[in-house]
Amino acid sequence: MTVRVRFAPSPTGYLHIGGVRTALYAWLYARQHGGTFVLRIEDTDVERNTEEAVDVILDSMRWLGLDWDEGPGVGGPHEPYFQSQRTSIYLEHAEKLIEKGAAYRCYATQAETQALREAYEKEHGHGGFRFRSPWRDRTDGDPSQPHVIRFKAPTEGETGWDDLVYGAISYPNDQQQDFVLIRQNGLPLYNFGAFVDDLTMGITHVTRGDDHLVNTPPQILLYRAWGVEPPRFAHLPMVLDPKGKKLSKRRADQGVLVAVLDYRDAGYLPDGVLNYLARLGWSHGDDEIFTRDELKAKFDWSGCGKTGSRYDVKKLAHVQGTHLRGADDTTLAKLVVPHLEARGLKVDASDPRLPAAIGPVKLRATTLADLADGLDYFFRPDAEIVFDEKAKKKMLVPDAAPHLEKLASLIESTPFEAEAMEAATTAWLEAEGLAIKNVAQPARVALTGRGASPGLYETIVLLGKDHALARLRRGAELARSGG
RNA sequence: GUCCCCAUCGUCUAGUGGCCCAGGACGCCAGCCUUUCACGCUGGUUACGCGGGUUCAAACCCCGCUGGGGACGCCA
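Last residue of the first sequence: number 602 in our numbering, and the count goes up by one each step with no gaps.
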């Protein structure tokens, strides 16, 4: 049997990072088995549904590189992939279930059921109301009158399944009620919509958050009523915020970015985000760092944990930084350009100075934004480099001026190559009895404007002779005139 | 209230009866490297929720408790 999995987000205006982990696992499973990954939009909530909101989902998925084989933009044999465009399909299936005697038309009004529920809750002080429709076994209703379609749920026995991550789970049927399939307005309710879509789209493995555990028995019951075997289910524990609470979509608490596109804008690498997410709730022995291909090869349901996982910003940074350092300099050059532009620096991605400088700078960066920050002074005009005031005040003092000038003239008269410059400088320092620290730090500030940077000679070479000399001499002036 | 699920370092986790007085990673603390900051390396810190069983032997199996989470809609 060919694996067919789906990811079915709602267009809420952003793609939730917790949802992405579910999507990732499904995608990995599909890719690993040469299966099909279906993207379906659950947009039955018309109020929230907008075209832009759908685009955000698609852009997020594309940025992450989670490509889909069927769905918006690519089509497929089970179109449409928007629930809002499938209402007639749901209706047809509901009618069919009525014919089979597995569902019925219920003419009780929402006000009636609501009143019963409230009365029950008032008396018992808690939810637990089960609506027993008087229409369950009646056939004398008038279908032209407003009604909902309810499922005729069993009241005895139990419904269970073998979950791919939780193992055997079973719910007693007496907890079930005759849940609504189709609302009075003709639109399906979540459980029914999901069932019909998964059924008609031939989904073989349903993956979703463990908050859907209770939705599984009703859906299994629907498959049985329809006369087919249910798909396999894989429920995944939730991603929690650092405090252990449900990761809120509304507020990005504790430094957690919730919307996928925010990761892109903050300069994260998709592979780093995916690696972190994969390890959050899944493990493969002691392995921590995975490339995308390694994830595809090694992912398995049995490696998934059963407990909710707290989001750890520090570990994300570590994993992300590891991916950044491991990335190819030319690749990073292309990716960092927009972030340089955001800083007002126009640099051509093919500029050979870019990958050259990225080499050392990426060792000091976590995101592309950090990278751009570390690259900043290499590409800013000499007169416009931004000084860190603290570093400037501490290092560009009058005493440093002659050292900077001497260093400049040494560079001028020495082959412009790191080793040669280091040798020349060391010789001079020894002769004068100076510590390199006293020269290197002021020079670093003069050259970069900062108290921290890649190695001194490395920086000088990267800057180029003219810029290096100009900056050192300007630094000398600044030092002399006040510090 | 009823039902379902879960329970190892601060965090993510390894562990499926002896290899575990519990391993890795992040964090944190030392130290090394060093012209700064990083990177890298070395070492340290800290955990099997509690109580009963089963067994020669339990983090691993069973029961109870406690503690979390989820659900009980004409929301998804």
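In this text, a Cβ means the ideal position worked out from N, Cα and C, and glycines have one as well.
From a predicted model like this one, the values you see are computed outputs, not experimental measurements.
Spatial neighbours of residue i in its chain, beta-carbon cut-off 6 angstroms, leaving aside the 5 residues before and after
i, result
"D448", "P474, I477 and G478"
"G195", "E189"
"L158", "F126, W187 and G190"
"K434", "none"
"L332", "H354"
"L451", "I477"
"Q295", "A272"
"W420", "L283, V284 and A353"
"D281", "A287"
"I322", "R123, R125 and P350"
"A436", "T485"
"H403", "K417 and G422"
"G424", "G400"
"S129", "E161"
"G386", "H458, T486, L487 and A488"
DSSP-derived helix/strand/coil call for residue i
i, result
"W254", "coil"
"R249", "coil"
"I530", "helix"
"D495", "helix"
"D405", "coil"
"V124", "strand"
"S207", "helix"
"D470", "coil"
"P307", "strand"
"G602", "Because the pLDDT at G602 is just 46, under 50, the model does not fix this residue reliably, and the point stays unresolved."
"A595", "helix"
Burial state of residue i, where buried means 16 or more other Cβ atoms lie within 10 Å
i, result
"P534", "exposed"
"I504", "buried"
"A539", "exposed"
"A587", "buried"
"S532", "exposed"
"A554", "exposed"
"R150", "buried"
"G154", "buried"
"V347", "exposed"
"L216", "buried"
Residues that DSSP places opposite residue i in a beta bridge
i, result
"R269", "Y223 and V299"
"E277", "P291"
"F201", "I160"
"R429", "L359"
"D259", "In the DSSP output, where bridge partners are listed per residue, D259 has none listed."
"D282", "G286"
7 angstroms CB neighbourhood of residue i in its chain, flanking five on each side removed
i, result
"K219", "A344"
"A537", "Y576, E577 and V580"
"L177", "P191 and G192"
"R499", "L464"
"Y226", "W254, G260, Q264 and H266"
"G98", "The requested residue 98 is not part of the displayed model; the chain covers only 120 to 602."
"T426", "P356"
"G568", "Y496, I504, V505, F506 and D507"
"P291", "E277"
Residues near residue i by beta carbon distance below 8 angstroms, same chain, minus five either side
i, result
"L526", "T544, V558, A562 and L591"
"A75", "Absent from the structure is residue 75, since the part of the chain shown begins at 120 and ends at 602."
Contact test: residue i Cβ vs the ligand ADP heavy atom, cutoff 8 angstroms
i, result
"W547", "The ligand ADP is absent from the structure shown, which contains no ligand whatsoever."
For the segment 322–383, list the beta strand (DSSP E) runs that are entirely contained and at least 3 residues long, ordered along the chain. 324–328 and 351–355
Sequence ranges, beta strand (DSSP E) only - wholly within the segment 130–195, length at least 3: Every unbroken stretch of the beta strand (DSSP E) spanning 3 or more residues and falling wholly within the segment 130–195 is given here in chain order: 155–158.
Which runs of the alpha helix (DSSP H) spanning at least 4 residues fall entirely within the segment 504–592, listed in chain order? Runs found: 508–514, 519–531, 537–551, 555–567 and 575–582.
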